[in-house]
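Number of protein chains: 4
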Amino acid sequence: MPEAVTHRLVSAGLLPQSLSERLAASRRRSIDIARPLSPEDMTVQAMDDASPTKWHLAHTTWFYETFVLGPHMPGYRRFDDSFAYCFNSYYEGAGPRHPRTRRGLLTRPSSAAVMDYRAHVDASLATLLHDVPPDPTIHQLVELGINHEQQHQELMLTDILALLACNPLAPAYRELPEVVVDEPASTVQWLSHPGGIRSIGNDGEGFCWDNETPRHSVLLQPYRLADRLVTNAEWLEFIADGGYRNPLLWLSDGWATVKNEGWIAPLYWELRDDVWQQFTLAGLQPVPKSAPVSHISYFEADAFARWTGKRLPTEFEWEFAVAADGGDPPASDDVQIRPAPLEQVARSEKRRLHQAFGAVWQWTASAYLPYPGYRPPEGTIGEYNGKFMVSQHVLRGSSCVTPAGHARLTYRNFFYPAQRWQFTGVRLAADAGA
Amino acid sequence: MPEAVTHRLVSAGLLPQSLSERLAASRRRSIDIARPLSPEDMTVQAMDDASPTKWHLAHTTWFYETFVLGPHMPGYRRFDDSFAYCFNSYYEGAGPRHPRTRRGLLTRPSSAAVMDYRAHVDASLATLLHDVPPDPTIHQLVELGINHEQQHQELMLTDILALLACNPLAPAYRELPEVVVDEPASTVQWLSHPGGIRSIGNDGEGFCWDNETPRHSVLLQPYRLADRLVTNAEWLEFIADGGYRNPLLWLSDGWATVKNEGWIAPLYWELRDDVWQQFTLAGLQPVPKSAPVSHISYFEADAFARWTGKRLPTEFEWEFAVAADGGDPPASDDVQIRPAPLEQVARSEKRRLHQAFGAVWQWTASAYLPYPGYRPPEGTIGEYNGKFMVSQHVLRGSSCVTPAGHARLTYRNFFYPAQRWQFTGVRLAADAGA
Amino acid sequence: MPEAVTHRLVSAGLLPQSLSERLAASRRRSIDIARPLSPEDMTVQAMDDASPTKWHLAHTTWFYETFVLGPHMPGYRRFDDSFAYCFNSYYEGAGPRHPRTRRGLLTRPSSAAVMDYRAHVDASLATLLHDVPPDPTIHQLVELGINHEQQHQELMLTDILALLACNPLAPAYRELPEVVVDEPASTVQWLSHPGGIRSIGNDGEGFCWDNETPRHSVLLQPYRLADRLVTNAEWLEFIADGGYRNPLLWLSDGWATVKNEGWIAPLYWELRDDVWQQFTLAGLQPVPKSAPVSHISYFEADAFARWTGKRLPTEFEWEFAVAADGGDPPASDDVQIRPAPLEQVARSEKRRLHQAFGAVWQWTASAYLPYPGYRPPEGTIGEYNGKFMVSQHVLRGSSCVTPAGHARLTYRNFFYPAQRWQFTGVRLAADAGA
Amino acid sequence: MPEAVTHRLVSAGLLPQSLSERLAASRRRSIDIARPLSPEDMTVQAMDDASPTKWHLAHTTWFYETFVLGPHMPGYRRFDDSFAYCFNSYYEGAGPRHPRTRRGLLTRPSSAAVMDYRAHVDASLATLLHDVPPDPTIHQLVELGINHEQQHQELMLTDILALLACNPLAPAYRELPEVVVDEPASTVQWLSHPGGIRSIGNDGEGFCWDNETPRHSVLLQPYRLADRLVTNAEWLEFIADGGYRNPLLWLSDGWATVKNEGWIAPLYWELRDDVWQQFTLAGLQPVPKSAPVSHISYFEADAFARWTGKRLPTEFEWEFAVAADGGDPPASDDVQIRPAPLEQVARSEKRRLHQAFGAVWQWTASAYLPYPGYRPPEGTIGEYNGKFMVSQHVLRGSSCVTPAGHARLTYRNFFYPAQRWQFTGVRLAADAGA
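For the record, the sequence lines run as chains A, B, C and D.
The numbering of the first sequence is numbering that gives the first Met the number 0, which starts it at 0 and goes up by one.
The numbering of the second sequence is numbering that gives the first Met the number 0, which starts it at 0 and goes up by one.
The numbering of the third sequence is numbering that gives the first Met the number 0, which starts it at 0 and goes up by one.
The numbering of the fourth sequence is numbering that gives the first Met the number 0, which starts it at 0 and goes up by one.
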């Protein structure tokens, strides 16, 4: 079959991509994300939470070298022994590593060397998948590697945004392709759910992270969920009503953060000539009123909900409602660089519950904790998720910069309650009677 | 009835104490706790988390003035207008206040002045309860005040311990009355529980905090719970096995804390001539092997559980198991200044599940979050619990320094995962099959 | 001779006090300073730079025990072995010690125990001086101890001020005895000095610190010195002219401090109803216009001088000018609790150069460095001055809280350029032609 | 005259270079320094004290734009208005600026854009110097610009060293061209100087900084000065003798720094297999025993001197001794990337006092303060030196990375006593009799 035809069939979902193809596509995509950047842009670290693009490109490569090629490809030769130290993120089992807060000091290896590293590992992976007899362990590890890299692809974009936002020249990563029609958002519809005992977590079909398992039952009270996300227009009302100045709306830790950090609006917002602008991957832009609010912390999401008299949903309420409304997201186009206004999305969605995926991650009231019976995988790979299960909150859905194919119904993202450099927003919930 | 007889009957639970009597007893008890201290001891703040005894004595008094006398006693005259600023803890609704971290700078008002303040408020409360027609609102607020002061009585003792522990003279707050028989602890018995849908939270009988409500159903998987707490002997094995040096046992944030703080043992432990000693309210003492380990953080509790191959119970598992085994603690003697060795306790307990109360607070796997349908009370008093519902973990039971009558089955204590100056320990749990 | 007569003769300067008498007087004076304080006041540490009164009382006693009684009194028994750890200030040669920033945690030993400690050491010193044959080494060490304690007497008062200033009740240490007549200060007279080669430093008569030696020659250019200190009235003009907002007036480190600390006026000043008040040892008081400005840093002194077009004098210019105008201060009454307005002082001074002593320490342009040929004494006592000779500036004169008899012409006080909790002010200088 | 001939004559000092030529050479030299670096290397900031190479390249260009072209070239068009914000270092008079600690976040403008910026300004400067009638003000400002850029050329190299030292790959900036013959250093010869009244400071011939003026007289006691610098061999003895573990050798602030920073050797030293290595611009190299110790702080220099029983010279002692021994350094070759061993240097020096220039800057006992009668220039350019005259110490001489032609007898370099990323070392002094 000619490649173009194959491609069209694969794209249309009529022909499944092979693992090799998906691997190659995923590896290419990281390079594509880095393409608009100079070597300088790729090297600098905006803040402790963020990593340089170059580091992401190398770390995702180190992951394959460490967990796939090293253990499973006979005769594999490491590209450079020093890279293990440079590009291990946090795996204690994989030896000592360069401190996270100093990743931006790694001007060497150069961006070019990292590209060579990628090519070396890509070639080895291709050989491994082609020559070695099919081995489920290897396939699972490669699948893991693809998903791992997809996570870093999202982080690359949020970290680039964080970097460019520090620059007094306010440079754009990419131009906005979209024509934004900023029509007022529709009134929220409240979707009712009866509660009861529901199954939550991954059912074992397809790839998932360990933290989505085991599938188990939870007991839900009847509740209602907003059919759409909170918009910037609504957030502007919150600001205008003194939301950032009223301690009674905030969790105690949240209020301390508001005061210490001087928060008066979401991250990247600034008031210029009395108009709120937001720094985006397309540079400084007027805040679009009907788009979902983004770059807010859990503290802000919680305070906003209290201001409305509503609350945040639990992750279980979210999952059940979305499961009932269609479940996993459809195969989708690739990322946008900022969340689209509601109407633009709503027109194309068949669902009642809009913006579950592809706009912003949605803070939930649920702390990030293991599911009953959770066991991390054996070995160093088991450090992936479990060791972060404290002091963070779960976010559900996906964002405008989540790679196509990465999101799913049972996905559990997690961040600390004060963090807001990701594309994070709010969907409101309420008790059945409230 | 002569007072001595009344007292005996009340003590025996045959005659309920009146609210006035309980109030007076509670107020006296705070003074009793402070009695071994000099004015200097009462004034100094050991660390940001702790408060001076004098401040506790004044703050619990301010609480009555602000929430009971001010609003409900006609013609009440504040003792000193400046005290509202000095002794408000964290109520944003009650106006500006002295910063928490600077409470130890308040050498004025003097301890003597604070005692006068207490006398003034006590007299007014007595008058209010005697003269004013019985008013459920007032009674509820006084009940709240008693429970509030009981909490601070526990904090007084933990904060005094923190202060004396800073002193190179290693002074004792009180001599140890107990003769400690440090017999080896019995082997752990694992109590099985079938799971299912269970009611959790307060049923409305007697006083409870808002955070124990509403009573609601949860779904539990079958599980097992240790019949006793983890002992110091077991903790010494953990230390000897390199527990504090193995990152793979720890949550990521926990390991960072271990390294930053240089933790190698529970708080107040120190190795002298190869023997572990622990600084206690009775001064520096050899660590009693059969007593429950105390002064450990959530991070340590979690790491220890992982080391054993077990886990921490959820707060629901804890509550259900204790409910099934007798529920609320019996009327008890007053506090000991350190947790008693197991055998000493077990001999007197009728229960299968030992040390649920009166030894150490037990870290649970549950994040401190609102129960479904939770609503804080209206008004400033509503700042009591709800605004702390993030980034903390629930502890259940009670400790050796919890005032008699304060603990109950549904009580939810909460601290940050790195905190360990309270009397905190571990009870292990496991899945039914594990 | 009857004691009363002796006393009168000694007071009149007709009969020199014996060393024992001066020692006893000096020891009593520390107790007198502490008298208005409660045990609480004596125990708390206002900030890292300051120490508790109780600590000063004990440390000055430890000094005699360590350097006089221990080495020189046969059979001397230490009062309490643990005190060496508690009350050593910074002598590396005298063993480990309690950290400076944690002095305020020492609620034990109690104030009463410290008084007993003082009595024990005082009695031993009396015995030593009475029984042991006169020994110049001992006499010199006692002389050193008296001067050491005098320094701490000044610090006690500045540290008490720092403590009470933290208290929202704004308590007074003592009432103001003075009737302040706040007449406008006279115009500055500029006293001219020809320069040339001048001898600087102590000539060996009477007690002095090692840092005042050796006496040596310096070469001075012709210069002029203001006959009085800068007044609060002049400082108010500086403020009104934007002195604290204009970076061009400041040293770079000074401007960084102004911004980081939010300085807008001298320490302890606050604007109430548009009137500047200053917190003093007599509580909050209106700023007296003709009194010398006090509680300013070197950075502020330097910026003010630049604003006037003048400069600070070097310590050599100061010493020579004062030497030429009368030298050492006269025997004087004891301390005032704040610097007196100029006119009050000027009326009683015979000198042309007013307020050289007894008002505020005067920042000089000279860094605190060793004189040519300087050698610290042998042994631990040698840690007294030399090891601080970096990054500080010399102040000359004395302040309103310097003990009578402590100041002298050649005295070199020293503090870091950002410190301002001492009674510190400015005298302006200028080049001959400027 | 053909260019080659001119060049040879100029090099030989027979034909003075024109200002234009010297400007062009100086501008080229900055580019040459950056040549071995990638754009990544040029962008990242190693630490707060250091700046990125790109920033240095742009800032030295901004200096000409701001102080020469803007005010003095009619019709000059700024290259990019935003650069003033990005590349102002600390001139308060030149408007707001990007914070020093965030210079490394400036991935834009790119290195290429900065090169264009340089070309634009270079062309304009060439035009200005060629077309505009000779104007002493302009010539002085260009001279200032050349010297300013020379200072930054030295900083570029020390900051590159700081950056590469952070890299686990330990990359070399350049290979070592030298063949190092590490012969034992000769015994120190002590050169005696009689003291007396001496003239210090610049006499107005040729360029100098404002802080070298006015020339004035100082009075010196007789003293002796070592004929060479302290060597690494001697420093190894200091280490072996416990120099970094003995508090009695250190200034109090120095000892605190030793403990806080964990210093056990000069900066960039590390012990590998029991051999001390030093990270240099040529990568990790064995410490050459006869080379002067480098990368030490004032605190270390002072402690070392105390250990030897000697002391540091004052800046006046240094200047007078060097003046007496030949004064200004000879026209020299360009920089080496590390200080040469003594014998290598001594063979070629005609002087008695070796290594005055071209090895390492020499810490002096003199605090960095204004000379009597010092006045900074009028205007923003006056912020160059004066505002740093507090809390720093003067260093004299020059280092192996000081540009040829930049050093001179009266030059006053200055750094804080804890700083050590510059090429800094020690020459000992002693009193005449000591």
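Positions of the beta carbon are idealized from the N, C-alpha and C atoms, including for glycine.
This structure is a prediction, so every number in the text was calculated from the model and none was measured.
Range covered by the beta strand (DSSP E) that runs through residue i
i, result
"His192 of chain D", "Trp189 to His192"
"Arg354 of chain D", "Checking the sequence, you will find Gln at residue 354 of chain D rather than Arg. Gln354 of chain D -> no beta strand (DSSP E), and no H or E assigned at all."
"His215 of chain C", "His215 to Leu219"
"Glu269 of chain C", "Trp268 to Arg271"
Within 8 Å, strictly: CB atoms of residue i and residue j
i, j, result
"Ala300 of chain A", "Leu311 of chain A", "yes"
"Thr409 of chain C", "Thr363 of chain C", "no"
"Arg351 of chain B", "Asp324 of chain B", "yes"
"Asn231 of chain B", "Ala290 of chain B", "yes"
"Leu427 of chain C", "Ala304 of chain C", "yes"
"Ser296 of chain C", "Gly424 of chain C", "no"
"Ser520 of chain C", "Gln188 of chain C", "Residue 520 of chain C is absent from the model: chain C starts at 0 and stops at 433."
"Gly261 of chain B", "Pro221 of chain B", "no"
"Arg99 of chain B", "Asp47 of chain B", "yes"
"Met72 of chain C", "Ser123 of chain C", "yes"
Between the CA atoms of residue j and residue i - distance to the nearest angstrom
i, j, result
"Asp79 of chain A", "Pro246 of chain B", "26 Å"
"Arg374 of chain B", "Glu233 of chain B", "41 Å"
"Met0 of chain B", "Thr212 of chain B", "With a pLDDT of only 44 at Met0 of chain B, under 50, the local geometry of the prediction cannot be trusted, and the value read off the model is given with reservation. Cα to Cα, Met0 of chain B sits roughly 39 Å from Thr212 of chain B."
"Val334 of chain B", "Pro135 of chain A", "60 Å"
"Gln418 of chain B", "Met388 of chain B", "16 Å"
"Leu154 of chain A", "Thr126 of chain A", "29 Å"
"Ile159 of chain A", "Gln421 of chain A", "11 Å"
"Ala87 of chain B", "Glu64 of chain B", "Checking the sequence shown, residue 87 of chain B turns out to be Asn, not Ala. One C-alpha to the other measures close to 11 Å."
"Arg50 of chain B", "Ala169 of chain B", "Here residue 50 of chain B is Ser; the residue named in the question, Arg, does not match the sequence. Roughly 19 Å between the two C-alpha positions."
"Gln277 of chain B", "Trp208 of chain B", "33 Å"
Distance cut-off 7 Å: residue i Cβ against heavy atoms of the ligand HEM
i, result
"Asn259 of chain B", "Of the ligands one can find in the structure shown there are none, so the ligand HEM has no counterpart to examine."
First through last residue of the alpha helix (DSSP H) which encompasses residue i
i, result
"Gln152 of chain D", "Pro135 to Ala164"
"Asn231 of chain D", "Asn231 to Ala239"
Cβ separation of residue i and residue j, assumed to be a contact under 8 Å, to the nearest whole Å
i, j, result
"Ser37 of chain B", "Thr106 of chain C", "7 Å"
"Arg214 of chain C", "Gly200 of chain C", "4 Å"
"Arg117 of chain A", "Leu175 of chain A", "Not a contact, Cβ separation roughly 29 Å."
"Pro402 of chain C", "Asp181 of chain C", "Going by Cβ atoms, the distance from Pro402 of chain C to Asp181 of chain C rounds to 27 Å, so no, they are not a contact pair."
"Phe298 of chain B", "Leu250 of chain B", "6 Å"
"Leu218 of chain C", "Ser216 of chain D", "6 Å"
"Ala264 of chain C", "Trp275 of chain C", "7 Å"
DSSP three-state assignment for residue i, whether helix, strand or coil
i, result
"Asn87 of chain D", "coil"
"His55 of chain B", "helix"
"Trp360 of chain A", "strand"
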